[in-house]
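What follows is a set of notes on a single structure, which appears directly below.
There are 2 protein chains.
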Amino acid sequence: MKSDKTTTADLSAQIAKSIRDQILSGALLADDRLPSEAELADQFSVSRPTVREALKRLAAQSLIRTERGAFGGAFVRRLSYGEAQTQNITTSTLLLSMNDVRFDVACEARYAMERACTVLAAKRRTGAHLAAMRAEITRQATPGLSDETFCASDVALHRALVDSAGNPVLSYQLAGAVEAMQPLMNMITFTARSRERIVDLHTRLTDALEARDAAQADTVLADLQAYTLDLGQGVMAARAARREKHHADSPVEG
Amino acid sequence: MKSDKTTTADLSAQIAKSIRDQILSGALLADDRLPSEAELADQFSVSRPTVREALKRLAAQSLIRTERGAFGGAFVRRLSYGEAQTQNITTSTLLLSMNDVRFDVACEARYAMERACTVLAAKRRTGAHLAAMRAEITRQATPGLSDETFCASDVALHRALVDSAGNPVLSYQLAGAVEAMQPLMNMITFTARSRERIVDLHTRLTDALEARDAAQADTVLADLQAYTLDLGQGVMAARAARREKHHADSPVEG
DNA sequence: CCGATAGAAATGCCAGACAATTAAATGCCT
DNA sequence: AGGCATTTAATTGTCTGGCATTTCTATCGG
Numbered sequence: 001m002k003s004d005k006t007t008t009a010d011l012s013a014q015i016a017k018s019i020r021d022q023i024l025s026g027a028l029l030a031d032d033r034l035p036s037e038a039e040l041a042d043q044f045s046v047s048r049p050t051v052r053e054a055l056k057r058l059a060a061q062s063l064i065r066t067e068r069g070a071f072g073g074a075f076v077r078r079l080s081y082g083e084a085q086t087q088n089i090t091t092s093t094l095l096l097s098m099n100d101v102r103f104d105v106a107c108e109a110r111y112a113m114e115r116a117c118t119v120l121a122a123k124r125r126t127g128a129h130l131a132a133m134r135a136e137i138t139r140q141a142t143p144g145l146s147d148e149t150f151c152a153s154d155v156a157l158h159r160a161l162v163d164s165a166g167n168p169v170l171s172y173q174l175a176g177a178v179e180a181m182q183p184l185m186n187m188i189t190f191t192a193r194s195r196e197r198i199v200d201l202h203t204r205l206t207d208a209l210e211a212r213d214a215a216q217a218d219t220v221l222a223d224l225q226a227y228t229l230d231l232g233q234g235v236m237a238a239r240a241a242r243r244e245k246h247h248a249d250s251p252v253e254g
Numbered sequence: 001m002k003s004d005k006t007t008t009a010d011l012s013a014q015i016a017k018s019i020r021d022q023i024l025s026g027a028l029l030a031d032d033r034l035p036s037e038a039e040l041a042d043q044f045s046v047s048r049p050t051v052r053e054a055l056k057r058l059a060a061q062s063l064i065r066t067e068r069g070a071f072g073g074a075f076v077r078r079l080s081y082g083e084a085q086t087q088n089i090t091t092s093t094l095l096l097s098m099n100d101v102r103f104d105v106a107c108e109a110r111y112a113m114e115r116a117c118t119v120l121a122a123k124r125r126t127g128a129h130l131a132a133m134r135a136e137i138t139r140q141a142t143p144g145l146s147d148e149t150f151c152a153s154d155v156a157l158h159r160a161l162v163d164s165a166g167n168p169v170l171s172y173q174l175a176g177a178v179e180a181m182q183p184l185m186n187m188i189t190f191t192a193r194s195r196e197r198i199v200d201l202h203t204r205l206t207d208a209l210e211a212r213d214a215a216q217a218d219t220v221l222a223d224l225q226a227y228t229l230d231l232g233q234g235v236m237a238a239r240a241a242r243r244e245k246h247h248a249d250s251p252v253e254g
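Respectively, the protein sequence lines represent chains R and D. Residues 1 to 254, numbered by our numbering, are exactly what the first sequence covers, in order. Residues 1 to 254, numbered by our numbering, are exactly what the second sequence covers, in order.
Dropping the structure here:
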């Protein structure tokens, strides 16, 4: 008759939840100091190791930071865009890798979101954004680049595109979608010819932004999506085959 | 001379990172069992509490689950869309609430992303999606609804819109953006007239989807964004005033 | 053949102690 | 009186050892 699942959960999880709720509700503000581990242990009537486990849980979510020494302790952490992005990327990457998400699905989601910022980007892009994008394009044209380096540069270019929309919240959200795709992209072998094609599309994309032509940027992104999808077909097939081998139950589909 | 920051970090953080890397790299697959706490303690030459702290960190990120009993232990967790979404929402909510993000910025990001899925939604929406949206519209037209309930229904409608794009990755990413806005939206007092206007826009949005008219859906979303922004101006002003009072250094603006 | 029971393996939790770190307080010398 | 070294106190980090609880397995008895 254990209807309430929260009461059955670990003590450290309960304590973590309790403190997390206080942070989310605003009862604990950024840079506030939590009671010491000993005091928390008293308050919750548990041992210090249990309190510590709870605090580590919160630390793993970047909700608190701890400082050692006399007036140290656990402090509510002001979550920065960078940290939030890092966590978002970790979660997204894991989600994609653990669920055998199809390349085309992830690709579609990514480009749908990227195309969401063409209008803003065309309006707000600065010279610095364009310069960053052109720098990546130059790098991508360098002969002898490894596939990983090429992909990393691709991600950097797309992040510059997203940033050029001038909306930090949008950047934060889209960074997860773009970066999480990298492991999938890294599986692709980029031939010299495909790189040439991509560099060309990237150039046209940057040109469109420079001309503040949102429609053109959108068109180029659509082309890029189609081409990426094309390149990824091999990856898709390989993943599908692997899944089939794992499951070995549905030899449907020719 | 502590140049390397990772070596200075907590042992539990190091161990957590080590295991996390193994999961991310694929060395540990979903449902794989980790060594027992005692074995891990041996391997890393630390005590069991330290190992436990590391495991709690991973548990907080939904990377592992633990089972008690004879053949229990820590197992690599297959991250589901739902869990990933929950984490994403938590992080996004926290980010917005802790950084005094301006209402218009968050709103712009949210609608930019939502508009990203109008094309797909118009193509793939099913009767179930439309029904879900209309059900929320009906609820929103109910007199005497609290602002919170109205907002919650608003979120539900927008999630149905997002889901109608038929791309789980897109749904996952956008859920964070939409849900994270709710605390900000909850601050708005919705008058009877503003509700009427919103219900009207929602209806037109659903109609557009039913007609598979992506352009019209996009237009309605733009209108909705403009109206939401308008309603949020009061919130923005209040937040700005609070910030000024906190800082109390720039008495500009009359 | 089935059910009860004991054993084993693992996590969950606790108590107490010591080490390491850091800021403040103190004291000393100039 | 002021600046520097030293002590002190508070706090987190870690370890040892143990007990409680849960859950699967295997054994034993009916």
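The beta carbon of each residue, even a glycine, is placed where N, CA and C say it ideally should be.
Chain D contact residues for residue i, given Cβ-Cβ distances below 7 Å
i, result
"T91/R", "A84, Q87, N88"
6 Å CB neighbourhood of residue i in its chain, flanking five on each side removed
i, result
"G72/R", "none"
"D163/D", "S171"
"M129/R", "Correcting the residue type first, residue 129/R is His in the shown sequence and not Met. Within the same chain, H129/R has close Cβ partners A160, S164."
"A132/D", "A160"
"A177/R", "R110, M113"
"M185/R", "C151"
Residue i, DSSP secondary structure in three states
i, result
"T66/R", "strand"
"A74/R", "strand"
"K17/D", "helix"
"R33/R", "strand"
"N99/D", "coil"
"T189/R", "coil"
"M236/R", "helix"
"V252/D", "Note that V252/D scores 45 on pLDDT, short of 50, meaning its location in the model is unreliable; the coordinates nonetheless yield the value given after this. Coil."
"R125/R", "coil"
"L11/R", "helix"
"C107/R", "helix"
"G26/R", "coil"
"A156/D", "helix"
"M164/R", "For the record, residue 164/R in the displayed sequence is Ser; it is not Met. It is coil, neither helix nor strand."
"L79/R", "coil"
Start-to-end residues for the alpha helix (DSSP H) that takes in residue i
i, result
"S146/R", "Here S146/R belongs to no alpha helix (DSSP H), and DSSP marks it neither H nor E."
"G176/R", "168-180"
"R52/R", "48-60"
"R212/R", "From DSSP, R212/R is part of no alpha helix (DSSP H); its letter is neither H nor E."
Sequence-distant residues of its chain with Cβ nearer than 7 Å to residue i (five each side left out)
i, result
"L229/D", "D104, C107"
"R197/D", "Y227"
"R139/D", "S153"
Option in the options with minimal Cα separation from residue i
i, options, result
"S12/D", "A54/D, C117/D, S45/D", "A54/D"
"Q237/D", "T91/D, V101/D, S45/D", "Note that residue 237/D is Ala in the sequence shown here, rather than Gln. The shortest Cα separation from A237/D among T91/D, V101/D, S45/D belongs to V101/D."
"L174/D", "Q225/R, F75/R, A30/R, A116/R", "A116/R"
"T90/R", "P183/D, R124/D, L24/D, G176/D", "L24/D"
"V119/R", "A215/R, Q22/R, L231/R, R20/R", "A215/R"
"D10/R", "T189/R, Q22/R, D21/R, R57/R", "R57/R"
"E83/D", "A59/D, A38/D, A70/D", "A59/D"
"R20/R", "R77/R, L157/R, P168/R", "R77/R"
"I137/R", "I64/R, R204/R, R125/R", "R204/R"
"L231/D", "R212/D, T66/D, D213/D, R195/D", "R195/D"
"L145/R", "A38/R, A222/R, T189/R", "T189/R"
"S36/D", "L201/D, L29/D, F44/D", "F44/D"
"A192/R", "S18/R, E148/R, P143/R, L28/R", "P143/R"
"L202/R", "Q225/R, A241/R, A30/R", "This sequence places His at residue 202/R; Leu is not what is there. Of Q225/R, A241/R, A30/R, the residue nearest in Cα terms is Q225/R."
"A30/D", "I15/D, R65/D, A38/D, K17/D", "R65/D"
Chain D contact residues for residue i, given Cβ-Cβ distances below 8 Å
i, result
"P49/R", "P49, R52"
"Y227/R", "Those within 8 Å of Y227/R in chain D number zero; the least Cβ separation is about 18 Å."
"N186/R", "Result: empty, since nearest Cβ-Cβ is about 12 Å, beyond 8 Å."
Partners in chain R for residue i, counting only beta-carbon separations shorter than 7 Å
i, result
"S12/D", "K56"
"M98/D", "A30, R78, L79"
"Q173/D", "A109, M113, Q173, G176, A177"
"L120/D", "A112"
"A74/D", "Residues of chain R passing the Cβ test: none, with the nearest at roughly 13 Å."
Residues of its chain near residue i, where Cβ-Cβ distance is below 8 Å and the 5 sequence neighbours each way are ignored
i, result
"P183/R", "T93, L96, S97"
"A41/D", "S47, R48, T50, V51"
"Y81/D", "P168, S171, Y172"
"R212/D", "A122, K123, R125"
"L221/D", "Y111, E114, R115, T118, L205"
Amino acids of chain R, ordered along the chain, whose beta-carbon sits closer than 8 Å to that of residue i
i, result
"V162/D", "Those within 8 Å of V162/D in chain R number zero; the least Cβ separation is about 11 Å."
"C151/D", "Those within 8 Å of C151/D in chain R number zero; the least Cβ separation is about 17 Å."
Residue i Cβ short of 7 Å to the ligand HEM heavy atom set
i, result
"L28/R", "Ligands are entirely absent from the displayed structure, and the ligand HEM is therefore not among its contents."
Residues that residue i contacts on chain R, provided the C-beta gap is smaller than 9 Å
i, result
"A38/D", "Those do not exist, as A38/D stays about 16 Å from chain R at its closest Cβ, beyond 9 Å."
"A41/D", "Neighbours of A41/D on chain R: none; closest Cβ ~14 Å, over 9 Å."
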